[in-house]
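Beneath this line is the structure, given in structure tokens, with notes to follow.
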Amino acid sequence: MAYEVVMGLEVHAELATNSKIFCACPVGYGAEANQNVCPACAGMPGLLPVTNKKVVELAIAAGLVTNCKISPVTTFDKKNYYYPDLSNSYQITQLYAPICRDGYVEVRTSQGVKRIGIKQIHMEEDAGKLTHDDTLGVSLVDYNRCSVPLVEIVSKPDFRSAEEVIAYLEKLRSLLRFAGVARARFEEGSIRCDVNLSVREKGDPNFGVRTEIKNMNSLSAIERAIAYETERHIDAIEWGEPLIQETRRWDDAKNASFAMREKENAGDYFYFPDADLAPIEISSQWIEQVRAALPEMPDRKQERYVQEWGIRDKDAALLSQSPSLARIFEQSADLCGNPKEAANWLVGEGLALAKKHAVPIDDLELDPHKLAYLIRAVEDRTLTRVNGKKLFAAIFSDDVDPEAYVKEHNLDAAVDQGALEKLLASIVAENPKSVADYQGGKTKALDFLFGQAMRQLKGAGDPGEIRRILEELLRPQ
């Protein structure tokens, strides 16, 4: 029997504001526990929330870059439940009139381009964070995250594979970062994902029993969780075991999911309108102001790199995936006047070094002026490509001054022509067997002599000129 997995995602992204959604407490990753807390976000009675206008504008921007309709009037509601990290025993969110509806994001996978529908985007406040200390047998609560502004982006159940899920999350992260809506970093917990998954017989129009995998914050873990949960559902169906609608947590160390609680429905939370927060009217003028402030989005960048600068599709896709990488590329290309070479160096050396040193692409810091100097020097043949790679590594790791570094390490390719010819003649004279092999038709002998020359020159000299002189010296007299 053939089966089909059906999935929908709920993505929570922390908004890039300086303060919280309903109070003036600062927002900051890595602060000391309970440092960014006031009586309002700590849930003290008698303190009224005040909506942060910037939160609304960023939510509108999130809706615009995901092709959503923006609601002319949006309201807040209270979602009631008890948990130790929820100081009010309710969460301020949006149920009845979310700020954005009916959008979509297009993703590209091995199966082609697919449109993933977005049911809605709504604003809400985050809860605190619990830390469990098994040694002491206690749980500690940090309220710094309480009332940090979030958007929850709720997709339609349009996913049929883990590949589509990962492509969507990568695309969504890219859109939110370029728009300045969110930092969207899984490692910080500033973007998290709930995966709602069911399995059905292929061709069956009805959905299977749905389970939710909660608070995923790693793309690789999401892939493994989907594979595990799909197999668990199929095994249960084939063995006739009952499946229940429930929320599960993923244990990455054990590579398995475990039941947390039965899945709640909206009625379990006793939603009701928040009387402390007035409805927000969003005019078409306000929407257009937000739209006008949006920068160029990654799809448009990729298209421009290909059409205007002749960059290969694959390289253009890589260069447009991160705001910082796109900025470095564009500025370097403008400064050196050779976008293709700027792309080659960044995609080749830059991304390789970032991977080697475990530097996230979003944290990549390269001075475009220094990269442009390197590219021009290689083009002018005052720096060999081999030495260019050495210089790139030094710029990447130590932000060196390229001109000073070249002089200090004798990387300049300029070599006195007479001295070069004399050196190459001595190498040819010292290797009569290689000369005889070359003249006998073994062209690889030239590579040996070339290698000898490059070792003695320590990377200096123009490789093309060195080969030309060697070929001249090796011709039978």
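Numbering of the sequence shown is given in numbering that gives the first Met the number 0, commencing with residue 0 and proceeding in unit increments. For every residue, glycine included, the Cβ atom is placed at its ideal position computed from N, Cα and C.
Here Ala371 is buried, its C-beta having at least 16 other C-beta atoms within 10 Å. For Asp101, the enclosing beta strand (DSSP E) covers residues Cys99 to Thr108. Taking one beta carbon from each stretch, the region 73-84 and the region 103-119 have fewer than 3 pairs nearer than 8 Å; the two do not touch. Leu174 and Trp308 have their C-alpha atoms spaced approximately 22 Å apart. In this structure Leu324 is buried. Its beta-carbon is surrounded by 16 or more other beta-carbon atoms within 10 angstroms.
Rounded to whole angstroms, the gap between the alpha carbons of Ala39 and Tyr28 is 20 Å.
Boundaries of the alpha helix (DSSP H) around Ser219: Leu218 to Trp238.
The region 58-77 makes contact with the region 172-188; the number of CB pairs closer than 8 Å reaches 3 or more. For Lys201, there is no enclosing beta strand (DSSP E), as DSSP marks it with neither H nor E. Under the 8 Å Cβ criterion, the region 4-12 counts as touching the region 186-201, having at least three qualifying pairs. It is roughly 12 Å from the alpha-carbon of Leu410 to the alpha-carbon of Met453. The Cβ atoms of Val305 and Asp312 lie closer than 8 Å to each other. Relative to the Cα of Ala424, the nearest Cα in the group Ala403, Gln451, Asp400 and Asp273 belongs to Gln451. Pro462 and Thr383 have their alpha carbons spaced roughly 7 Å apart. If you look at Val150, you'll find it in the beta strand (DSSP E) that goes Pro148 to Ser154.
Proximity to Arg260 across Phe271, Ala274 and Ile243 peaks at Ile243, based on C-alpha coordinates.
Tyr404 and Ser18 have their C-alpha atoms spaced approximately 43 Å apart. Ranked by how close their Cα comes to the Cα of Arg466, the residues Leu293, Ala435, Lys432 and Val427 have Val427 in first place.
Bridge partners of Ala255 according to DSSP: Asp250. By the Cβ rule, the region 123-143 does not count as touching the region 155-163, because fewer than three pairs are nearer than 8 Å. Within the region 306-338, complete beta strand (DSSP E) segments of at least 3 residues are not found at all. As the crow flies, the alpha-carbon of Glu200 is around 28 Å from that of Ile152.
Shown here, Ser189 sits in coil according to DSSP, grouped into three states, outside any helix or strand.
The beta carbon of Asp250 sits closer than 8 Å to those of Ser256 and Phe257, all from its chain and outside the five residues before and after it, given in chain order.
Excluding sequence positions up to five before and after Val289, its CB lies within less than 8 Å of the CB of Glu56, Ile59, Ala60 and Leu63, all in the same chain and listed in chain order. Counting only residues of its own chain and dropping the five nearest sequence neighbours on each side, Ile281 has a CB closer than 8 Å to the CB of Val55, Ile59, Ile69, Ser70, Pro71, Val72, Thr73 and Ile98.
The three-state reading of DSSP puts Met43 in coil, since its state is none of H, G, I, E or B. A check of alpha carbon separations from Ala274 across Thr92, Asn214, Lys432 and Ala15 identifies Thr92 as the nearest. Around the beta carbon of Trp238, fewer than 16 other beta carbons lie within 10 angstroms, which makes this residue exposed. Within the DSSP bridge table, the entry for Asn79 names Tyr89 as partners. With contacts defined as CB atoms closer than 8 Å, Arg248 and Lys300 fail to qualify as a contacting pair. Within 10 angstroms of the beta-carbon of Met0 lie fewer than 16 other beta-carbons, which makes it exposed. Each of Asn66, Arg144 and Arg100 was checked against the Cα of Gln90, and the nearest Cα belongs to Arg144.
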